[in-house]
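Peer 1:
There are 2 protein chains.
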Amino acid sequence: MTVATQSLKELSLEELCINSIRFLAIDAVEKAKSGHPGLPMGAAPMAFVLWDRFMRFNPKNPKWFNRDRFVLSAGHGSMLQYALLYLTGFDSVSIEDIKQFRQWESKTPGHPENFMTPGVEVTTGPLGQGIANGVGLAMAEAHLAAKFNKPDAKIVDHYTYVILGDGCNMEGVSGEAASFAGHLGLGKLIALYDDNHISIDGSTDVAFTEDVSKRFEAYGWHVLHVKDGNTDLAAIEKAIAEAKAVTDKPTMIKVTTTIGYGSPNKQNTAGVHGAALGTDEVALTRKELKWEHEPFVIPQDALNHMHKAVERGADYETEWNKTFSDYKAKYPQEAAEFERYISGKLPDGWDKVLPTYTPEDKGLPTRKHSETCLNKLATVLPELIGGSADLTHSNLTEVKGKGDFQKGQYQNPNIHFGVREHGMGAICNGIALHSSGLIPYGATFLIFTDYMRAAIRLSALSQAGVIWVMTHDSIGQGEDGPTHQPIETLASLRAIPNLTVIRPADGNESSGAYKVAIEKAKQNAPTLLAFTRQNVPNLAGTSIEGVAKGGYTVVDSQGTPDIILIGTGSELSLCVNAAEKLTAEGKKVRVVSMPSTDLFDAQDAAYKESILPKAVTKRLSVEAAASFGWHKYIGIEGDTVSIDRFGASAPGGVCLEKFGFSVDNVLAKAKQLLG
Amino acid sequence: MTVATQSLKELSLEELCINSIRFLAIDAVEKAKSGHPGLPMGAAPMAFVLWDRFMRFNPKNPKWFNRDRFVLSAGHGSMLQYALLYLTGFDSVSIEDIKQFRQWESKTPGHPENFMTPGVEVTTGPLGQGIANGVGLAMAEAHLAAKFNKPDAKIVDHYTYVILGDGCNMEGVSGEAASFAGHLGLGKLIALYDDNHISIDGSTDVAFTEDVSKRFEAYGWHVLHVKDGNTDLAAIEKAIAEAKAVTDKPTMIKVTTTIGYGSPNKQNTAGVHGAALGTDEVALTRKELKWEHEPFVIPQDALNHMHKAVERGADYETEWNKTFSDYKAKYPQEAAEFERYISGKLPDGWDKVLPTYTPEDKGLPTRKHSETCLNKLATVLPELIGGSADLTHSNLTEVKGKGDFQKGQYQNPNIHFGVREHGMGAICNGIALHSSGLIPYGATFLIFTDYMRAAIRLSALSQAGVIWVMTHDSIGQGEDGPTHQPIETLASLRAIPNLTVIRPADGNESSGAYKVAIEKAKQNAPTLLAFTRQNVPNLAGTSIEGVAKGGYTVVDSQGTPDIILIGTGSELSLCVNAAEKLTAEGKKVRVVSMPSTDLFDAQDAAYKESILPKAVTKRLSVEAAASFGWHKYIGIEGDTVSIDRFGASAPGGVCLEKFGFSVDNVLAKAKQLLG
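Line by line, the protein sequences are chains H and X. The numbers in the first sequence follow full-length UniProt numbering, run straight up by one, and end at 675. The numbers in the second sequence follow full-length UniProt numbering, run straight up by one, and end at 675.
Okay, here's the thing in structure tokens:
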């Protein structure tokens, strides 16, 4: 190793670069009067060593496929990442952008947002998510490498680096994901833990005194410690090199640092975590760190050095292009598939595999239809990868005959996430945001979306094309009782922007739901599918096309209806049966299937009016869930068959009957409305 | 120790008792054709030793204050708990109740529900919650002990025992709570980890291969291992005795067991986890365990032995009554306070401390009003205990001058939960369900309710009187950006049954919100309060009484209004200002403040009609959040000023303006409605 001598020789240049990062952060936060200078000041040395000496990326093509992935899990330190992007020559972040830190529509928002700033891989800020995304990114790499690489041609070969902080390590989601990463032995995942002993409430001594290194060892990680992360660049370099050399375990490098390093009065205090230093302290910090440059002025030597990343990046990409071109010559079929993956395109006619049904087909639980769809789709879309949080045979998410994703078996698509819903969510987001065409799916009982809601929200916000497969979608769940029966869950998910929630009624609608979900995934949008535990009949009039509209008519009468019954999922058949009886009594009844209010809301006004005409004010929604949100469709004069209390433990059929989900009760409520 | 000899001598009786537990579980699940026999069969020995040789409780008074608390964190094994309750003589679970396992309205629902079955302390089932509740129970004990005990009189002195499984240990929430318990050194918390290597997906080898014991050591726990949890009762007894002896650390006893122990073909498989054994296998298991009794028939020897708990329990309570009576004689003032705590009563006139305001009073952020309320209330309600998930000085939840709840300082009320929202939630539930009059509160940013939603839901389901203090309640949060700005969050929380969500508009309404929250807490119902980051003016017409109604008129006109503006929180002032302008233009305008749709929904029809008369169809809701749910109040013809996309990073005022939360835009929308 010539590291030490190198470090000595280049010390002043390195200091210049590191202080450039620090002062970009200090001055941007100062200008915005808002932000988090502490982390960038303390973590600048490790970030510099990582980005300057290890990370392979191409600033002029942030989406170059084989780049190392970098995640700032401690997303509040966003200025660290913006400084690195600017200094290494990304076009996405100019010095003007840095001056616009935290301002309306800037490229430099408060927390890193992948959809705003090329070069940012995932959206972080909510703590613990980033490290779990990193596990997903590393899983995507391992999967694609196992699938596409050949002994003589490695086209997938990159590391995933994460910087995380004390906050991330306190969050349960990081523990779930880290435990799973240890289980999987993800050797190309390297996490640098910015051990600065400070969180917002002050010293971590007030709440967080566990031995984090020992915990990661317990998870099966390779653990290293850099004792002086403030100045010992050689030790940081040595640790990262050691981490890279261990290929059968992820590595956690605890890097002990001083938050707000260089600020004479504020370093090592919570005061420097989340607020501007203030004019006086900025001046003192300039003095302390011997920084004589005006705000936003970076010395040319530092810029020149950091900009070498551009040349290196071009070389990396050229080299990889050569590798890929050789690969293509030797393995044209695999290369074509790989290119399709990366392009995000679906193969022609992929949706032909989705089955359709007639009322004569045997009734099944929609989770069973989901299983059929997933297995059919897997034959034409090998990019499907996912599984369940320890409910594989309840959620019915296994792709049969394809094997489990395990250590050394990364080519397989069936992931056993363990009882780690939140970790699963963030991992799926990471897989999607690897941006390599993979379509991840994660499954549990609908009620347990509560455990992973932060990750589901982030899938919607950060444009992660994930399919959330949720089964046991109502009190029809039965005996497990109110802890396991969703009531408000559908409403709470429908309220999330950019998330499409679909609750199909039968076989056709399940196929329709998957058609939407796959298309949305390729458009980088998540979909959440809610399936029944119990049998439902296949109904006349349901269709794949209907689902795409969100709401559509499945039973109609001549002329303006007297009443519209709106049903979703397992309750649609109650509406159909009630309509039959009402029609026999001479009423004009329309039944609208509304598998997705999100998709329905997205239709034009004329279509919506054609399905729910303003003239018809007698409307009854029927859904075995909370009434919350339904008045948008039924109006103040409408009514609901719904359940606005918690469920109960009893056989599913009993629960449904007791809570009023019977044809008789739908009929009674409809007649009440009809007056 | 004479344990070994005792065990040998009593072996057959012990076996009888243990098998009684096993077969009650086997036969109840068999009858219900639903449930989880595997855990009770494997964990029966540890449960027997714990309940028979250690636990202090009184079956005839399940609420006896000083009882040891028991939590079955692996709640799916509920039959274990029901069997114990039946065998030890609780009136709540008869043999008939056991025959009704998992049936409509039975005392033996699918998962343990504290509100259904006296003797069950907390509601479990969603994994990981129970162990975290246990941390809360132990914190409550430590707090009350430090507060009330005297050197010569220990009136608070019990252990908290938890049985948890692999699933619990995979969930992040358990890690958060365990890390915090280790930090706090809760010596009277003892967790028995049923290490049976099986979860629903099969062997834990597929997903969970970490070293759990080492992880708990890293958290600072005392860790023991019983290698043969199936038959070595002496080892179990020795371990629990050792655990009790270590008073400065919580103890985790890993008890290695065989799931479904005794079932020749199904033990040690996932097949026995969550399904009935089936007639043939039940017969084989009877043979294997030499069990000759009919279903639901318990040998008299076992019943006699287990029933000794009744006599022991009566003695424990008598002894404690004596202790308390001595205490009362010596410390009448403390005794009176203790009795008030336990009674759940509020002191007379407690609410007089809540401040009121006039429009002349300086505008402040409602989080600042929250701080004032909390600090005022703490002077009259010492039972308030809580804090923030590392956002103390943002949430403003510190009770000043009262000190931090820390190891050895358990008498203090300010808890630093660390960045552990979910753990905080479950811990607060545990504190509330200690049922000793404590009013716990937990705080974070409103958006991060997503991290703790499962615990918030459980507070509502399990009747835990917690106050959830949520600040930074809209895009007014500002620069942190969309990851930190709630949009759909209010709607998603309002949809939860039994949870009262209140978003006060100003100082008076903040006082009103706390008045409701405190009263609800004492009625065992949780309340979630949403406060602003930013300043809001104090408005004319707002009141403490108004908040209690959920919605009320703050500005009105003569006769039927032309339009009703409905505002909540920081947006109420926009409505008031817009109304002023509209009135000046000759319109008849009513402004309704709607701090809580939950409370408004609970009013009678006449009241609701008096506030929102059917005759007025022009209604505009104004809330800096999703429109989801508002059509119930505005109807199909109404409109909203709302935000149905994710937020953005910019100063809060800019965000509000850009997203249309200005008087001008409210005015424009109102005029549009007026036509």
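A virtual CB, placed ideally from N, CA and C, is assigned to each residue, including glycine.
(1) Of the residues that make up the region 141-158 of chain X, which ones have a beta carbon closer than 8 Å to any beta carbon in chain H?
(2) Which of helix, strand or coil does DSSP assign to P45(X)?
(3) Can you have a look at G569(H) and say buried or exposed, based on whether 16 or more other CB atoms are within 10 angstroms of its CB?
(4) Check whether the Cβ of H225(H) lies closer than 8 Å to any Cβ atom in chain C.
(5) What does T356(X) touch in chain H if you count any residue whose Cβ is under 8 Å from its own?
(6) Along the region 178-191 of chain H, what residues have a CB closer than 8 Å to any CB found in chain X?
(7) Return no unless some Cβ of chain H is closer than 8 Å to the Cβ of K214(X).
(8) Restricting to runs no shorter than 4 residues, where is the alpha helix (DSSP H) found entirely within the region 431-470 of chain H?
(9) Quick one: residues in its chain with C-beta nearer than 7 Å to the C-beta of T483(H), no 5 flanking neighbours on either side, listed in chain order?
(10) Mapping the DSSP letters down to three states, classify D232(X) as helix, strand or coil.
(11) For chain H, is any of its Cβ atoms less than 8 Å away from the one on G110(X)?
(12) Given a threshold of 16 other Cβ atoms within 10 Å of its Cβ, counted over all protein chains shown, does E217(H) qualify as buried or as exposed?
(13) For the region 638-671 of chain X, list every residue whose C-beta sits within 7 Å of some C-beta in chain H, in sequence order.
(14) Please name the residue in N58(H), Q129(H), M424(H), N19(H) whose C-alpha comes closest to that of G119(H).
(15) With H, G and I counted as helix, E and B as strand and the rest as coil, what does DSSP make of G274(H)?
(16) With distance defined between alpha-carbon atoms, name the residue in I259(X), K244(X), Y261(X) nearest to I253(X).
(17) Answer yes or no: do D195(X) and T269(X) have a C-beta to C-beta separation smaller than 8 Å?
(18) Would you kindly work out how many angstroms separate the C-alpha atoms of A28(H) and T444(X), rounded to a whole number?
(19) Can you give me the start and stop residues for the beta strand (DSSP E) that F70(H) sits inside?
(20) Using 8 Å as the threshold, is the C-beta distance between T356(X) and S511(X) below it?
(21) What is the C-beta distance between E383(H) and G437(H), in whole angstroms, given that I count them as a contact (C-beta under 8 Å)?
(22) Alpha carbon to alpha carbon, how far is D232(X) from S596(H)? Give it in angstroms, no decimals.
(23) State buried or exposed for T108(H), treating a residue as buried only when at least 16 other CB atoms are found within 10 Å of its CB.
(24) Could you tell me whether the Cβ of I487(X) comes closer than 8 Å to any Cβ of chain H?
(25) Tell me, please, which residues DSSP counts as bridged to A256(H).
(26) Determine the DSSP secondary structure at I563(X), reduced to helix, strand or coil.
(27) Please list the terminal residues of the continuous alpha helix (DSSP H) segment that includes S370(X).
(28) What would DSSP say about S543(H), mapped onto helix, strand or coil?
(29) With a threshold of 8 Å between beta carbons, is Y219(H) in contact with chain X?
(30) For A530(H), collect the residues of the same chain with a Cβ closer than 6 Å to its Cβ; drop the 5 residues on either side in sequence, then sort them by chain order.
(31) Does DSSP classify Q411(H) as helix, strand or coil?
(32) In the DSSP assignment, the beta strand (DSSP E) including Y552(X) goes from what residue to what residue?
(33) Is the shortest distance between the beta-carbon of K632(H) and the beta-carbons of chain X less than 8 Å?
(34) Comparing the C-beta of residue 682(H) with each C-beta of chain X, is any distance below 8 Å?
(35) Taking its Cβ as the centre, do 16 or more other Cβ atoms sit within 10 Å of K376(X), making it buried, or is it exposed?
(36) State the Cα-Cα distance for the pair T500(H) and G202(X), rounded to the nearest angstrom.
Peer 2: So, from the data block:
(1) Cβ contacts with chain H come from no residue of the region 141-158 of chain X.
(2) DSSP places P45(X) in helix when its eight states are reduced to three.
(3) Buried, by the Cβ-count rule.
(4) No chain C appears in this structure, whose protein chains are H and X.
(5) By Cβ distance, chain H contributes nothing, its closest Cβ being about 32 Å from T356(X), past 8 Å.
(6) Of all residues in the region 178-191 of chain H, S179, F180, G182, H183 have a Cβ within less than 8 Å of some Cβ in chain X.
(7) Yes, its Cβ sits closer than 8 Å to a Cβ of chain H.
(8) If we require 4 residues or more, the alpha helix (DSSP H) runs fully inside the region 431-470 of chain H come out as 453-461.
(9) Cβ neighbours of T483(H) within its own chain (closer than 7 Å, five residues either side excluded): none.
(10) The answer is coil: DSSP assigns D232(X) none of H, G, I, E or B.
(11) It does: the Cβ of G110(X) has a partner Cβ on chain H nearer than 8 Å.
(12) With 16 or more neighbouring CB atoms inside 10 Å of its own CB, E217(H) falls in the buried class.
(13) Within the region 638-671 of chain X, the qualifying residues are D644, R645, F646, A648, S649, A650, V654, K658.
(14) Of the candidates N58(H), Q129(H), M424(H), N19(H), the one whose C-alpha sits nearest the C-alpha of G119(H) is N58(H).
(15) Reduced to three states, the DSSP call for G274(H) is coil.
(16) The shortest CA-to-CA distance from I253(X) to any of I259(X), K244(X), Y261(X) is the one to K244(X).
(17) No, the pair does not count as a contact, with Cβ atoms beyond the cut-off.
(18) Going by the C-alpha atoms only, they are around 27 Å apart.
(19) F70(H) -> beta strand (DSSP E) spans 69-72.
(20) Closer than 8 Å, so yes.
(21) Confirmed, about 5 Å.
(22) Spanning the alpha carbons of S596(H) and D232(X) requires a straight line of approximately 56 Å.
(23) So T108(H) counts as buried.
(24) Yes, I487(X) counts as interfacial toward chain H.
(25) First, the residue type needs correcting, since residue 256(H) is Thr and not Ala in the sequence shown. For T256(H), which the question treats as bridged, DSSP gives the partners D195(H).
(26) I563(X) falls in the strand class under three-state DSSP.
(27) Going by DSSP, S370(X) is part of the alpha helix (DSSP H) stretching over 366-380.
(28) Coil, per DSSP.
(29) Yes, Y219(H) counts as interfacial toward chain X.
(30) So the qualifying residues of the chain are L446, M470, D473, R503.
(31) Look at Q411(H) here: in three-state DSSP terms it is coil, with no helix or strand label.
(32) Counting along the chain, the beta strand (DSSP E) containing Y552(X) begins and ends at 552-555.
(33) When Cβ-Cβ separations below 8 Å define contact, K632(H) makes contact with chain X.
(34) Outside the displayed range of chain H (1 to 675) lies residue 682(H), so it cannot be described from this structure.
(35) So K376(X) ends up on the buried side.
(36) Going from the Cα of T500(H) to the Cα of G202(X) covers about 32 Å.
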